[in-house]
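First residue of the sequence shown: 1, per the UniProt record's numbering; consecutive thereafter.
The C-beta atom is built at its ideal place from N, Cα and C for all residues, glycine as well.
All figures in this text were calculated on a predicted structure; none of them were measured in a lab.
The structure appears below as structure tokens.
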Amino acid sequence: MTPEEQAEIERRRKTRNLALGGVLLFFVVLFYAITIVRMGD
């Protein structure tokens, strides 16, 4: 595997990890907001 191919794989992995992290953060914030709203009732 050439260094260029290795760099491309690393870049894709980093992009995918950032996307998954963003989705996870979204769900954490969503559940936090739902909890706060329900406690306010």
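State the DSSP-derived secondary structure class of residue i, mapped to helix, strand or coil.
i             : result
methionine 39 : helix
threonine 2   : coil
Between the alpha carbons of residue i and residue j, how many angstroms are there, rounded?
i           : j            : result
glutamate 5 : leucine 20   : 23 Å
tyrosine 32 : glutamate 8  : 36 Å
leucine 30  : leucine 18   : 18 Å
glycine 22  : methionine 1 : 30 Å
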